[in-house]
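Notes follow the structure.
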Amino acid sequence: MTAATVPDPVDERLAHMRAHNPNAGEGSVVLDIGDDVGALVVSMPGDLVGEEIEIEPVAGAFPRGDHDHGHDHGHDHGHDHGHRPHVAVVPRPVPGGGIEPSLVFGALAQGGYRLYRKGTDRVVMTCEVRGGEVTFADWPV
Numbered sequence: 001m002t003a004a005t006v007p008d009p010v011d012e013r014l015a016h017m018r019a020h021n022p023n024a025g026e027g028s029v030v031l032d033i034g035d036d037v038g039a040l041v042v043s044m045p046g047d048l049v050g051e052e053i054e055i056e057p058v059a060g061a062f063p064r065g066d067h068d069h070g071h072d073h074g075h076d077h078g079h080d081h082g083h084r085p086h087v088a089v090v091p092r093p094v095p096g097g098g099i100e101p102s103l104v105f106g107a108l109a110q111g112g113y114r115l116y117r118k119g120t121d122r123v124v125m126t127c128e129v130r131g132g133e134v135t136f137a138d139w140p141v
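Counting from 1, one number per residue, gives the positions in the sequence shown under the UniProt record's numbering.
As structure tokens, then:
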């Protein structure tokens, strides 16, 4: 009897993420903050590397007007005009050495936000972003 190899879901998500953005997590992240715009960095558990996390303002959805592009963005899921912005969890270098999984939303209007695992409507966490600052948070385990 031959042993079957069971694919590792984290490895599969990483392969998908690297196909979409081969340089993800390899360098510095640019944060566009100032005045009433801040950023959010969330430390993530290692088993969520490659997962996509969505964000939405507590006060209501992001503006969703018509725009001039299709919704085939080259990955295996489509977008309609009502999708929430999302980013992938990637391993990133941290000060002092080492690598830790995290996600970064680099430019958010000041206010409260809800975070979701992509494709769900269950709020996993909320956080408050302040203009001109980077908010750091830990994903609940």
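Glycine is no exception: its CB is placed at the ideal position from the N, C-alpha and C atoms. Bear in mind the structure is a predicted one, so any value in this text is a computation, not a measurement.
Identity of the residue in the options nearest residue i by Cα
i    : options              : result
V30  : E128, L103, M125     : L103
V129 : G98, D35, G111, V141 : G111
T126 : G97, G38, D36, E56   : E56
D47  : R122, V123, V89      : V89
S28  : Y116, G60, H83, P95  : P95
Residue i in three-state terms, based on DSSP
i    : result
D47  : helix
H83  : coil
H77  : Legend: pLDDT at H77 = 49, less than 50; position of this residue unreliable, no value from coordinates given.
P140 : coil
R117 : strand
V41  : strand
V123 : strand
V104 : strand
E133 : coil
G96  : coil
H71  : Note on H71: pLDDT 47, under 50, position unreliable in the model; the coordinate value appears next. Of the three classes helix, strand and coil, the one that applies to H71 here is coil, per DSSP.
Opening and closing residue of the beta strand (DSSP E) in which residue i lies
i   : result
S28 : Taken as a continuous stretch (DSSP letters only), S28 belongs to no beta strand (DSSP E), as it is neither H nor E.
G60 : Unbroken run through G60: none, as it is neither H nor E.
V89 : Looking at the DSSP string, V89 is not in any beta strand (DSSP E), and its letter there is neither H nor E.
Presumed contact (8 Å Cβ cut-off) between residue i and residue j, rounded CB distance
i    : j   : result
I53  : V87 : 6 Å
G131 : A39 : Their Cβ separation, rounded to whole angstroms, is 10 Å, which puts G131 and A39 out of contact at 8 Å.
Pair within 7 Å by beta-carbon distance, residue i and residue j
i    : j    : result
W139 : V37  : no
V49  : P101 : yes
V58  : R114 : yes
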